Amino acid sequence: MVWFKGHIPRHSFIGWLALHRSLKTRKKLLQWGCIEDAQCFLCMETIEDEDHLFCSCSFSSTIWQGILLILGYYRNCSLSWENEVKWCCDNFGSGGAVNTIKKLAFNSFIYHIWKERNKRLFSTHSNSMDVVSFDIVADVRLKVEALGLSDVDTATVKSFLDRWNVSCQLLKKKVIACT
Ligand SMILES: [Zn+2]
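Going by the working numbering, the first residue of the sequence shown is number 1378, and it counts up by one from there.
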């Protein structure tokens, strides 16, 4: 899910930390006595931990739902981080351009949400949901074009690639004739 052929190292590093609940979320910093208020800087609504930051936060979940739509899924985000990761593991396969794009998008989402959180925490600047969504997609598209991926030539794959506005080598299915 994180370390796969074609991964973006900086995305996968943050993704790996997030999957292991090793990011220094504000809830942890509060428990360690480093801060006095653990409010999420993306929505300013509640305490920031992984479940909130990557699932229930109004800012992040809206972005993730948009990314999922481009991936071909219409669904609400799980309420727990473990359940969302499990859903991704169950639905994002391995091999081929489509599955690689799904995993790139997942890690790009985590990376850019964490980056935006840090931007708001350490500066007075912030990006809108549209800008963060654009950056998530742009990183995936750039990587896919550089990787020169391939997948099976089907209408579903073509439609998926069209939604991402990326190209890849399309391989004809081998037909074994019965004689
Ligand atoms: Zn939030």
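Think of the CB as a built atom: it goes at the ideal place given N, C-alpha and C, for glycine as much as any other residue.
The model shown is predicted, which means the values in this text are computed figures rather than measured ones.
Proximal residues to residue i (C-beta, below 8 Å), its chain only, five neighbours per side dropped
i	result
E1522	V1543 and S1544
W1541	I1447, I1478, V1514, V1517, R1518 and V1521
N1504	E1493, K1496 and D1512
S1471	F1381
Y1450	N1468
D1530	L1547, L1548, K1549 and K1550
Distance between residue j and residue i (C-alpha atoms, nearest Å)
i	j	result
C1385	K1520	In the sequence as presented, Cys is not what sits at residue 1385; that position holds Ile. In a straight line, the C-alpha of I1385 is about 8 Å away from that of K1520.
F1483	H1502	24 Å
S1536	H1397	34 Å
T1402	K1549	47 Å
Where the alpha helix (DSSP H) through residue i begins and ends
i	result
V1546	The question names Val, but residue 1546 is Gln in the sequence shown. First-last for Q1546: Q1546 to L1548, but that is the beta strand (DSSP E), not the alpha helix (DSSP H).
D1516	M1506 to L1524
D1528	No alpha helix (DSSP H) holds D1528; the beta strand (DSSP E) holding it covers S1527 to V1529.
F1390	P1386 to L1396
A1532	A1532 to W1541
C1454	Looking at the DSSP string, C1454 is not in any alpha helix (DSSP H), and its letter there is neither H nor E.
F1483	G1473 to F1499
K1404	R1403 to Q1408
Short Cβ contact (8 Å threshold) for residue i with residue j
i	j	result
D1428	S1457	yes
I1440	S1510	yes
A1474	S1527	yes
M1378	C1454	no
G1383	L1538	no
F1431	L1498	no
N1460	F1469	no
Cβ-based neighbour list, residue i, same chain, cut-off 7 Å, excluding 5 preceding and 5 following
i	result
L1445	R1452
I1391	I1487, Y1488 and W1491
C1420	C1434, S1435 and F1436
S1389	V1379, W1380 and N1484
For residue i, the nearest candidate out of the options (CA to CA)
i	options	result
Q1416	W1409, G1410 and I1424	I1424
W1393	W1409, K1480 and E1422	K1480
K1404	H1397, A1395, F1483 and D1414	D1414
M1506	S1438, R1387 and L1547	S1438
Contact set for residue i: own chain, Cβ-Cβ below 6 Å, skip 5 residues either direction
i	result
G1443	S1510
L1407	A1415
Q1546	S1527
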